[in-house]
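2 protein chains.
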Amino acid sequence: MRTHELVLQWIEKQLSDGDLALGGRLPGERAMAEQLQVSRTSVREAVRILEAMGVVRAGVGSGKDAGTVVIAEPGSALGSTLRLHVATRHLPVADIVETRVLLESWAAERAHVGVPELVEAAELLDQMDEAPDIDSFLALDARFHVALAQAAGNSVVSAMMASLRGAIENYAGELTGNLPDWGATSTRLRAEHRAILTAVNNNDGGKAAELVAAHIQGFYKEAGVGANPSPK
Amino acid sequence: MRTHELVLQWIEKQLSDGDLALGGRLPGERAMAEQLQVSRTSVREAVRILEAMGVVRAGVGSGKDAGTVVIAEPGSALGSTLRLHVATRHLPVADIVETRVLLESWAAERAHVGVPELVEAAELLDQMDEAPDIDSFLALDARFHVALAQAAGNSVVSAMMASLRGAIENYAGELTGNLPDWGATSTRLRAEHRAILTAVNNNDGGKAAELVAAHIQGFYKEAGVGANPSPK
DNA sequence: CCTACCACTGTGGTCTAACCACACTGTAAT
DNA sequence: ATTACAGTGTGGTTAGACCACAGTGGTAGG
Chain A
1 MRTHELVLQW IEKQLSDGDL ALGGRLPGER AMAEQLQVSR TSVREAVRIL EAMGVVRAGV
61 GSGKDAGTVV IAEPGSALGS TLRLHVATRH LPVADIVETR VLLESWAAER AHVGVPELVE
121 AAELLDQMDE APDIDSFLAL DARFHVALAQ AAGNSVVSAM MASLRGAIEN YAGELTGNLP
181 DWGATSTRLR AEHRAILTAV NNNDGGKAAE LVAAHIQGFY KEAGVGANPS PK
Chain B
1001 MRTHELVLQW IEKQLSDGDL ALGGRLPGER AMAEQLQVSR TSVREAVRIL EAMGVVRAGV
1061 GSGKDAGTVV IAEPGSALGS TLRLHVATRH LPVADIVETR VLLESWAAER AHVGVPELVE
1121 AAELLDQMDE APDIDSFLAL DARFHVALAQ AAGNSVVSAM MASLRGAIEN YAGELTGNLP
1181 DWGATSTRLR AEHRAILTAV NNNDGGKAAE LVAAHIQGFY KEAGVGANPS PK
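These protein sequences, in sequence, are chains A and B. First residue of the first sequence: 1, per this note's numbering; consecutive thereafter. First residue of the second sequence: 1001, per this note's numbering; consecutive thereafter.
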């Protein structure tokens, strides 16, 4: 077993045993190195992996944001991993879109009416009506979909959905260039968003799921994904 | 931007541009360090991250298995990430089980009859009838479920399903200790497996999905997950 | 001529020791 | 009381060395 894996094991044990909790701080790199009788290099490699997994965040200096702190951001971490695998051509974009439809439909069908996430989603829609450019529109769109997914109350589904969105975020940006009329598309997307949210708030989960599926598939189909899985 | 992130970017670009393909070999760490004008340490940190993501595999020595080569194993990588987040108590085991039910039901419903994965699944069931102990039974069980998921032909769903299974693998091992009568449970599980496979091969996707959902939920319920999300 | 051995080479794995930038903290000078 | 500044501890980065490993190729012995 390689040295940095030993460090990883040790840290994972600290987490499992509850000696290290969310928001907690890891010992300094030098301290850990001495405690585990390994070099600081090995400790750093382990920390880097945890950082890539979204389990910790490293901050320099001193004070509240300093040191290596335990966080919980599986979404961005999974997203990076998927993005890399898309780059290797091993994961087709079409499969990602399909999975996204699966997860988001499920979430829309089971969204709990009355949770704060749905209020946030409504506010995001208002902001989208006044988005100055495409990029800010897409950013708000991403947050809307994530909020909707979170309303179902399953953190794993939320994280995976967010990661899928993140993995193809670059594509979304490129693809809007393919659209014949962004103004028309934007209007349509916004109307679909409101219809989805209305269906959810009316406890009509089945309809919400259908609308979400059509919404996502419609966008990527219009932008040309599916027929051409590797647009680059 | 930190130095190792620069290296990551460079490697990701090589992958996106197709200059580096699956099975290809990265330049040596020393060569990359010189080419990018960074230290070997930074290169190594980047490679470590890619290794943790299941994008590359590092091998010492010389010959075919030596050097850092591009692979595609998103499943194990995502599994490790999820496992760590479970350790932080951020992802409840119940949510993972629920997501697994979602993905596997979907896959069972859409499995393509006639694909080699289903043949392999059948062989695995035969082997399970003669599994000498619980651990080998669980290992075969894992492979059976993965094969079933792969039969649906969506690589993202397959990878995620495998990762979910891996994230709670340790739990499965612990939980079998809670079962009152392993022999009876094993017999029931094997019967359910065969029923699922039969439904799939009969093109009865709906029934297969139902059976899979009941199969998974039944096992974890019997073992005591759901009522007690953090058994440790 | 063939075989067995062995030094050579290039790979990742690890370690040490130093320096940097950063951000807060406490103290001393104003 | 306010300000300026040295001190301290954090992660970030680098250079250089040594190790184990595995295939390569030459060489000595049969």
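Note that CB positions come from ideal geometry on N, CA and C, so glycine has one too. Keep in mind that this is a model prediction, so the values were computed, not measured.
Verify the CB distance criterion: does A:Thr176 have a CB-CB separation below 7 Å to chain B?
no
Per DSSP, the bridge partner or partners of B:Arg1025
B:Val1069
Leaving out five residues on either side along the sequence, give the residues of the same chain with a beta carbon under 8 Å from the beta carbon of B:Gly943.
The question about residue 943 of chain B has no answer, for chain B in this structure spans 1001 to 1232.
Range covered by the beta strand (DSSP E) that runs through A:Ala58
Val56 to Gly59
Under 8 Å Cβ-Cβ, which residues of chain B neighbour A:His90?
Leu1022, Ala1072, Pro1074 and Ser1155
B:Lys1057 at chain A interface by Cβ criterion, 7 Å
Before going further, note that residue 1057 of chain B is Arg rather than Lys in the sequence given. By this cut-off, B:Arg1057 is not an interface position.
Counting Cβ pairs closer than 8 Å, one from the segment 1145-1158 of chain B and one from the segment 1166-1182 of chain B, do we hit at least three?
no
Could you name the residues of the segment 1022-1051 of chain B whose beta carbon sits closer than 9 Å to any beta carbon of chain A, in the order they occur along the chain?
Leu1022, Thr1041, Arg1044, Glu1045, Ala1046, Arg1048, Ile1049, Leu1050 and Glu1051
B:Ala1227 by DSSP, collapsed to three states: which one?
Confidence at B:Ala1227 is low in this model, with a pLDDT of 43, below 50, so its placement is unreliable and the value that follows should be read with caution. Note: B:Ala1227 maps to coil in three-state DSSP.
Return yes when the Cβ of B:Met1053 is within less than 7 Å of the Cβ of A:Thr68, no when it is not.
no
Taking the alpha carbon of A:Leu8 as the point to measure from, which residue in B:Leu1006, B:Val1093 and B:Ala1087 has its own alpha carbon closest?
B:Ala1087
Find the residues of chain B that neighbour A:Trp106, judging by a C-beta separation of less than 8 Å, and give them in chain order.
Leu1102
Sort B:Ala1077, B:Leu1078 and B:Ala1066 by Cα distance to B:Gly998 and report the nearest one.
Outside the displayed span of chain B (1001 to 1232) sits residue 998 of chain B, for which this structure offers no information.
Taking the beta carbon of A:Glu117 as the centre, do at least 16 other beta carbons fall within 10 Å, making it buried, or is it exposed?
buried
Counting contacts by CB-CB distance shorter than 7 Å, is A:Leu118 in contact with chain B?
no
Residues from the segment 133-164 of chain A in contact with chain B, defined by Cβ distance under 8 Å
Asn154, Ser155, Val156, Val157, Ala159, Met160 and Leu164
Hey, is B:Thr1003's beta-carbon within less than 7 Å of any beta-carbon in chain A?
no
Output, in chain order, the set of chain B residues within a Cβ distance shorter than 7 Å of A:Gly77.
In the sequence under discussion, the amino acid at residue 77 of chain A is Ala, which differs from the Gly named in the question. Those within 7 Å of A:Ala77 in chain B are Thr1081.
Is B:Ala1152 helix, strand or coil when you go by DSSP?
coil
Contact criterion: CB-CB distance below 7 Å. Does A:Ala87 meet it with respect to chain B?
yes
Taking DSSP as the reference, what is the three-state secondary structure of A:Arg48?
helix
Can you find a C-beta in chain B that's less than 7 Å from the C-beta of A:Val185?
In the sequence as displayed, the identity of residue 185 of chain A is Thr instead of Val. Not one chain B Cβ lies under 7 Å of A:Thr185.
When you compare only the Cα positions, how much space is there between A:Ala139 and A:Ala131?
10 Å
Is A:Glu169 helix, strand or coil when you go by DSSP?
helix
Pairwise C-alpha distance: B:Glu1222 and A:Leu197:
37 Å
Please decide whether B:Ala1227 counts as near chain A, where near means a Cβ-Cβ distance under 7 Å.
Legend: pLDDT at B:Ala1227 = 43, less than 50; position of this residue unreliable, value from coordinates given subsequently. Answer no: the Cβ-Cβ gap between B:Ala1227 and chain A never drops below 7 Å.
Could you tell me which chain B residues have their CB closer than 7 Å to the CB of A:Ile96, listed as they occur along the chain?
Val1156
Boundaries (first-last residue) of the alpha helix (DSSP H) holding B:Gly1075:
Pro1074 to Ala1087
If distances are taken between C-alpha atoms only, which option among A:Ala172, A:Glu12, A:Ala149 and A:Val93 comes closest to B:Leu1084?
A:Glu12
Delimiting residues of the alpha helix (DSSP H) encompassing B:Asp1129:
Pro1116 to Asp1129
Check whether the segment 1043-1050 of chain B and the segment 13-22 of chain A touch, using three or more Cβ-Cβ pairs below 8 Å as the test.
no
By the DSSP assignment, the alpha helix (DSSP H) with B:Lys1013 in it spans what residues?
Thr1003 to Ser1016
Would B:Pro1231 count as contacting chain A if we go by Cβ distances under 7 Å?
For B:Pro1231, the predicted model reports a pLDDT of 36, less than 50, meaning its position is unreliable and no value from the coordinates is stated.
Compare the C-beta of A:Glu210 with all C-beta atoms of chain B and state if any pair is closer than 7 Å.
no
Does any C-beta atom of chain B lie closer than 7 Å to the C-beta of A:Leu6?
no
What do you get for B:Ala1184, buried or exposed, if any count of 16 or more other CB atoms within 10 angstroms of its CB means buried?
exposed
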